[in-house]
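Everything below concerns the one structure shown next.
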């Protein structure tokens, strides 16, 4: 009689510098858009949980803010979120991307992260992302370079954007999880509430449409989330949006000049942000959405502990 296969379950944290593709990888692993993605650094500000459940086991992946030189209260908060997540999990996935210059070296930022991971002492994978941009001849030297810096449990090259190697990475991670039953229900995908996801989808459009300096001073709070008309009308086809959700949200900035930029001439920029955000939110909620956006000024919120707390970063 064959013995039953071992069932494994545990937590893995995605750790790395800004813009190495942690959120893209989380979305690729779960098959859903849980984390917003932007080419601008410091897009992710909080830990984001994405759960992948298979018959053979379950892995709860934690996406974290990029670890960078922390200047200001908001940046320090984000770095601490990332490092604290690394301390809590069964396995750390340290993401890097191919070096931008011709010289093959471990960047000062990545070396600092490796020093912190040495002190934390968790089993760690090196995940080399964006291999679609790396010449094949450069991959092995890059692996050798990093193996000399840290005793990685495994090295897994991937392209999160192309979903190349993502399934292989999942099975490697699952193999390092402890034996045990699922931590979360099989149908659970994330611990993010709908209100929080809506706020992030709105902030994603601010990142997409506004000037370089604006997004870092922006936060979004959902003020009203009215689901009283959410149920679709009888006879609505299952593949169509049904019902209506009324949402009011505030986009917070630090200066009046930033408020003027987000509103735009005759309100055009805010209208564009709202239109694109509403499309994403409707796909998320499966219902028609009425979205009302307001822009408010909270002076120096990212520099003050009470400002961070007010806008949800505590």
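In full-length UniProt numbering, the protein residues as written are 1 to 314.
Ideal Cβ positions, reconstructed from N, Cα and C, are used throughout, including at glycine.
Here the structure is a predicted model, which means the values were calculated and not measured.
Three or more C-beta pairs under 8 Å: does that hold for the segment 81-89 against the segment 3-19?
The segment 81-89 is in contact with the segment 3-19.
Would you say residue 59 and residue 94 are within 8 Å of each other, going by their C-beta atoms?
Translated into positions along the chain shown, residue 59 becomes position 59. Translated into positions along the chain shown, residue 94 becomes position 94. For residue 59 and residue 94, no; Cβs fall outside 8 Å.
At what residue ranges does the segment 106-144 contain a whole run of the beta strand (DSSP E), taking only runs of 3 or more?
Whole beta strand (DSSP E) segments, 3+ residues: 124-128.
Which same chain residues, not among the five before or five after residue 248, have their C-beta less than 7 Å away from its C-beta?
Working through the chain shown from its first residue, we reach residue 248 at position 248. 223, 224, 292.
Could you tell me which whole beta strand (DSSP E) segments of length 3 or greater appear in the segment 242-273?
If we require 3 residues or more, the beta strand (DSSP E) runs fully inside the segment 242-273 come out as 244-253.
Taking one C-beta from the segment 202-209 and one from the segment 268-276 each time, how about it: are there three or more such pairs within less than 8 Å?
Enough Cβ pairs lie closer than 8 Å, so yes.
So what does residue 58 bridge to, in DSSP terms?
One-based indexing of the chain shown puts residue 58 at position 58. Per DSSP, 9, 53.
Under the assumption that residue 116 contacts residue 74 (Cβ atoms under 8 Å), give the Cβ distance between them as a whole number of angstroms.
Numbered from 1 along the chain shown, position 116 holds the residue referred to as residue 116. Numbered from 1 along the chain shown, position 74 holds the residue referred to as residue 74. So it is not a contact: roughly 20 Å between Cβ atoms.
Helix, strand or coil for residue 88 per DSSP?
Taking the first residue of the chain shown as 1, we reach residue 88 at position 88. Three-state DSSP puts residue 88 in a helix.
Tell me whether residue 145 is buried or exposed, calling it buried when 16 or more other Cβ atoms sit within 10 Å of its Cβ.
Position 145 of the chain shown, counted from the first residue, corresponds to residue 145. Result: exposed.
With DSSP as the reference, label residue 77 as helix, strand or coil.
Residue numbering aside, residue 77 sits at position 77 when the chain shown is read from its first letter. Reduced to three states, the DSSP call for residue 77 is helix.
Name the two residues that bound the continuous alpha helix (DSSP H) containing residue 199.
Position 199 of the chain shown, counted from the first residue, corresponds to residue 199. Its alpha helix (DSSP H) spans residues 194-209.
Report, in whole angstroms, the separation of the C-beta atoms of residue 203 and residue 36, which I expect to be a contact under 8 Å.
Residue 203 sits at position 203 when you count from the first residue of the chain shown. Residue 36 sits at position 36 when you count from the first residue of the chain shown. Residue 203 to residue 36, Cβ: 7 Å. Contact.
Under 7 Å Cβ to Cβ from residue 183, same chain only, skipping five residues before and after it: list those, please.
Here residue 183 is taken as the residue at index 183 of the chain shown, counted from 1. Excluding sequence neighbours, residue 183 sits near 9, 58, 60.
Any idea what DSSP makes of residue 176, helix, strand or coil?
Along the chain shown, one-based indexing puts residue 176 at 176. Of the three classes helix, strand and coil, the one that applies to residue 176 here is coil, per DSSP.
So who's on the other strand from residue 154, going by DSSP bridges?
Here residue 154 refers to the residue found at position 154 of the chain shown. Beta-bridge pairing links residue 154 to 125.
Could you tell me if residue 302 is buried or exposed, where buried requires 16 or more neighbouring beta carbons within 10 angstroms of its beta carbon?
Counting from 1 along the chain shown, the entry for residue 302 is found at position 302. Its Cβ being crowded by 16 or more others within 10 Å, residue 302 is buried.
In the DSSP assignment, find the alpha helix (DSSP H) that holds residue 159 and state where it starts and stops.
In the chain shown, the residue the question calls residue 159 occupies position 159. Run containing residue 159: none; DSSP gives neither H nor E here.
Would you mind working out which of 26, 281, 107 sits nearest residue 17, comparing C-alpha positions?
Within the chain shown, residue 17 is the residue found at index 17, counting from 1. It is 107 whose Cα lies nearest to the Cα of residue 17.
Give the DSSP-derived three-state secondary structure of residue 313 in the structure shown.
By one-based count along the chain shown, residue 313 stands at place 313. DSSP places residue 313 in coil when its eight states are reduced to three.
Give the DSSP-derived three-state secondary structure of residue 303 in the structure shown.
Position 303 of the chain shown holds residue 303. Here residue 303 sits in helix by DSSP.
Hey, out of 289, 214, 310, 187, whose CA is closest to residue 55's CA?
As a first step, residue 55 must be located in the chain shown, where it is residue number 55. It is 187.
Tell me whether residue 258 is buried or exposed, calling it buried when 16 or more other Cβ atoms sit within 10 Å of its Cβ.
Working through the chain shown from its first residue, we reach residue 258 at position 258. Buried, because 16 or more other Cβ atoms sit within 10 Å of the Cβ of residue 258.
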